Every structure is written in C-alpha cells, then in structure tokens.
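Just so we're on the same page, the working numbering is the position in the sequence shown counted from 1, plus 454. Backbone N, C-alpha and C fix where the C-beta goes; we use that ideal spot for every residue, glycine too. In this text the structure is predicted, and so the values were computed from the model without any measurement.
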Amino acid sequence: MVRERIRTSALVCLVAFLALPGCATVTLKPADFSWSFESVLTADASGYVKGEPKTIAFNANELFKAEKREPGAAAGSVVRVIRNADGYYFVTSPGFKHVYIFTGATGKLALKKRVLIAEQGMDKPFFNRRDQGVELVANGQTYLLGKKGIISGGKK
C-alpha cells in the first residue's frame, strides 16, 4: 500500500514535471509591427477615424485640439497614420505643425512624443515605411522619423 502510494506520487510528479514546459510563456521574436503602407483615414462628423478591419480606430478630436484647431475641426478631415517596426504609431494631418508618436495601450493611444515639423503647418504630408524608420514627406522636405523624433532630414 505504501509502495503503491509512493509510486503514484512519483508518477504524478513526473507527469507534472514533463507538463510544465508546455505551460511556459511563448515568445515570438523578432517581430515586426510595421505597416507596409500608411492609412489615410477621414474623420466622421464626431471626429472618429476608422480604418479597414484589423487596422486602427480612434477619436481624433484631441489631436486637432492639440494643434489649436477649432472644436469639431476633425470632422471630415484626413488623418494619416503609419506604424513602425517597434509598434509605434505616427499620426499627422494636412495643416498640422507636428507629427504625433503614440504607443498602443489598453483601449487607447498614449502620446510618447510630439515632433515639430513645420511652424507654418504641413501641406499634403505623407508617410512611407523605411527599414531605418518612418519617412515623412511634407512641404518639399523629407524626414526620417523614429520613436524619439527626427533621425535625419529636413531643411538642407
């Protein structure tokens, strides 16, 4: 009886020991979170932008407020968004002075950096994905952006 209990206990311990690696955390790396193309989204009447399924959706009103725009200015406006390999979101809009860099958080985008590009505002800005970062083209200038701001480019 005692031997049987010891054998059963040993068997349970062995099975538990062998099963533990299956419960371990799985990490997949490296991972590239970048989007191949920027999303060009138009805000609805309430300032909400929404992309195709599995992209992004958020209320852009605070962004327009940060740019000192009139309340409701987001409605009907174009917002340009791209994501880099580290998972940071780069957001701007025609007429904006800045590019806003966000991280994704539970149910929100958290501002990490606001980068001044053009004091007079940007005319027809657009993003491109590059191996070194995110390229912004605005007002005849090209900038390479990273999570901390401008890496290179601008006025020559």
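Of the residues 572, 487, 542, the one whose Cα lies closest to the Cα of residue 601 is 542.
In this structure, the beta-carbon distance from residue 511 to residue 505 falls below 8 Å. Look at residue 527 here: in three-state DSSP terms it is coil, with no helix or strand label.
Selection 539, 555, 517 evaluated against residue 532 yields 517 as nearest (Cα-Cα). Between the segment 558 to 565 and the segment 521 to 536, the count of Cβ pairs shorter than 8 Å is below three; the stretches do not touch. The three-state secondary structure of residue 499, taken from DSSP, is coil. Contact annotation: residue 509 and residue 493 have beta-carbon atoms nearer than 8 Å. C-alpha of residue 479 to C-alpha of residue 485: approximately 16 Å in a straight line.
Here residue 489 has 536, 537 as same chain residues with Cβ atoms under 6 Å from its own Cβ, once five neighbours each way along the sequence are excluded. For the set 549, 578, 544, the Cα lying nearest the Cα of residue 521 is the one of 549.
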